[in-house]
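In this note's numbering, the protein residues as written are 123 to 346.
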Amino acid sequence: MKKIFYILIAIFMITSLGYAAPNIYGSSGLIEMPTAESLQYKEFNVGLDYSVKSEATPSSNNGVYYYKLNLGSFKGFELGIVGGTIPTEGVFVNLKYYLMSDNSRYPISIAIGMEKLTSHTDSSAYLVASKKFQEGFHGHFGFKAHFLGAEIDSSIMLGLEYLLSDEFSIETDILNLGNQYRINSGVRYYFSDNIFFRASILDITNARGEGMLYNVGVSWTRFL
């Protein structure tokens, strides 16, 4: 798996060169949180993420990977798939519809969407708003409903990205799980206008009781 990961990075780096980038689970977003950003019509991206548990040992097999493909299939509409080690049910479908955005210098935008649409045990629907601020801050706020088999669990999502330069940014997102808060934090490096690399730490607060995850990901975006 590691060889595949390094090969993909090399391919992206030698392929011809503010775009929507996928989160770990495929939708345009931060680390785990989807945002009110979507691909433009006929714009697509492909990505790969690899995560390993913080307590992993050389003899253990705690690494998981995700691959994803997204396409701006219609104006304001994003269609994607995600697969890999997880989800174990197979390849899932993600949908996002970009509802609105104003024309101000620092616009606010709103989107609705669904993640893992074809899952029988772990699909979700969300509403999210994104706002650009001065000094390179991007804020995000939303609600998500998780369909866990016969149960429905709701959560609040908060996210922040700070652009340190044209190439480098730091990002954090927070998702509440009952009375617990799952906090993720990471950095992005934009190699070019359509290639970015992300390194992040998931579940810093150990909200799920499974320890932290270290994640690296790469994504490539361009038009058809």
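Just so it is clear, CB atoms sit at the ideal spot from N, CA and C, and this is done for glycine as well.
| From which residue to which residue does the beta strand (DSSP E) around E293 run? | Translated into positions along the sequence shown, residue 293 becomes position 171. 290–299 is the span of the beta strand (DSSP E), which, as asked, contains E293.
| Count the other CB atoms within 10 Å of the CB of T210; is the residue buried (16 or more) or exposed (fewer)? | Here residue 210 refers to the residue found at position 88 when the sequence shown is read from its first residue. Result: exposed.
| said: Taking the beta strand (DSSP E) that D275 belongs to, which residues open and close that run? | reply: Start at 1 with the first residue of the sequence shown, and residue 275 comes out as number 153. Note, D275: beta strand (DSSP E), 273–285.
| request: State buried or exposed for K266, treating a residue as buried only when at least 16 other CB atoms are found within 10 Å of its CB. | output: Residue numbering aside, residue 266 sits at position 144 when the sequence shown is read from its first letter. Buried, by the Cβ-count rule.
| task | Please confirm whether V174 and L335 have their CB atoms less than 8 Å apart. | result | Residue 174 sits at position 52 when you count from the first residue of the sequence shown. Residue 335 sits at position 213 when you count from the first residue of the sequence shown. Inclusion of V174 and L335 in the CB contact set at 8 Å is warranted, their separation being smaller than that value.
| query | Going by alpha carbons, who is nearest to E273 out of D315, D244, I326, E200? | reply | Here residue 273 is taken as the residue at index 151 of the sequence shown, counted from 1. Measuring from the Cα of E273, the nearest candidate turns out to be D244.
| Buried or exposed: which applies to G271, given that a residue is buried once 16 or more other Cβ atoms fall within 10 Å of its Cβ? | Walking along the sequence shown from the start, residue 271 turns up at place 149. With fewer than 16 other Cβ atoms within 10 Å, it is exposed.
| request: Between the Cα of L297 and those of N184, T240, H268, spot the shortest distance and give me the residue it belongs to. | output: Sequence index remark: in the sequence shown, residue 297 carries index 175 (1-based). The option with the nearest alpha carbon to L297 is H268.
| field | Backbone CA spacing between L152 and V213 [nearest angstrom] | value | Stepping through the sequence shown from its first residue, residue 152 is reached at position 30. Stepping through the sequence shown from its first residue, residue 213 is reached at position 91. Distance between the alpha carbons of L152 and V213: 21 Å.
| task | Below 8 Å CB to CB, which residues in the same chain sit around Q256 once its five sequence neighbours on both sides are set aside? | result | As a position in the sequence shown, residue 256 is number 134, starting the count at 1. Y228, listed in sequence order.
| message | Can you give me the C-alpha to C-alpha distance between F127 and E283, rounded to a whole angstrom? | response | Within the sequence shown, residue 127 is the residue found at index 5, counting from 1. Within the sequence shown, residue 283 is the residue found at index 161, counting from 1. Only weak support exists for where F127 lies, its pLDDT of 45 falling under 50; the value from the coordinates is given anyway. Inter-residue distance for F127 and E283 is about 25 Å (C-alpha atoms, whole angstroms).
| Residues sharing a beta bridge with V204, DSSP | Position 82 of the sequence shown, counted from the start, is the residue given in the question as residue 204. V204 pairs with K190, F214.
| request: Could you check which residue in V168, Q302, L217, G261 has the C-alpha nearest to that of S246? | output: Walking along the sequence shown from the start, residue 246 turns up at place 124. When each option's Cα is compared against that of S246, the closest is L217.
| request: Output the boundary residues of the beta strand (DSSP E) element that contains K175. | output: What you label residue 175 is simply residue 53 of the sequence shown in a count that begins at 1. Annotation for K175: the continuous beta strand (DSSP E) segment containing it runs 165–175.
| query | In the DSSP assignment, what are the bridge partners of R310? | reply | By one-based count along the sequence shown, residue 310 stands at place 188. According to DSSP, residue pairing for R310 in a beta bridge involves S291, R320.
| query | Whole-angstrom Cβ separation of E237 and P156, contact assumed at under 8 Å? | reply | One-based indexing of the sequence shown puts residue 237 at position 115. One-based indexing of the sequence shown puts residue 156 at position 34. Their Cβ separation, rounded to whole angstroms, is 7 Å, which keeps E237 and P156 in contact under 8 Å.
| query | Who pairs with H262 in a beta bridge, going by DSSP? | reply | The count along the sequence shown starts at 1 and reaches residue 262 at position 140. Answer by DSSP bridge pairing, in chain order: S252, G281.
| Assigned exposure category for I378 - 16 Cβ within 10 Å defines buried | Residue 378 lies beyond the residue range present for the chain, which begins at 123 and ends at 346; the question has no answer from this structure.
| Where does E159 sit, in a helix, a strand or coil, going by DSSP? | Here the question's residue 159 lines up with position 37 in the sequence shown. In the three-state scheme derived from DSSP, where H, G and I count as helix and E and B as strand, E159 is classed as coil.
| task | Go to R330, then tell me how far its beta strand (DSSP E) extends in each direction, as first and last residue. | result | Locating residue 330 in the sequence shown gives position 208, where the first residue counts as 1. Unbroken run through R330: none, as it is neither H nor E.
| query | E154 by DSSP, collapsed to three states: which one? | reply | As a first step, residue 154 is located in the sequence shown; it is residue number 32 there, counting from the start. Assigned with DSSP and collapsed to three states, E154 falls in coil, not helix or strand.
| request: Kindly indicate the opening and closing residues of the beta strand (DSSP E) around M236. | output: For this step, residue 236 is matched to residue 114 along the sequence shown. M236 -> beta strand (DSSP E) spans 230–237.
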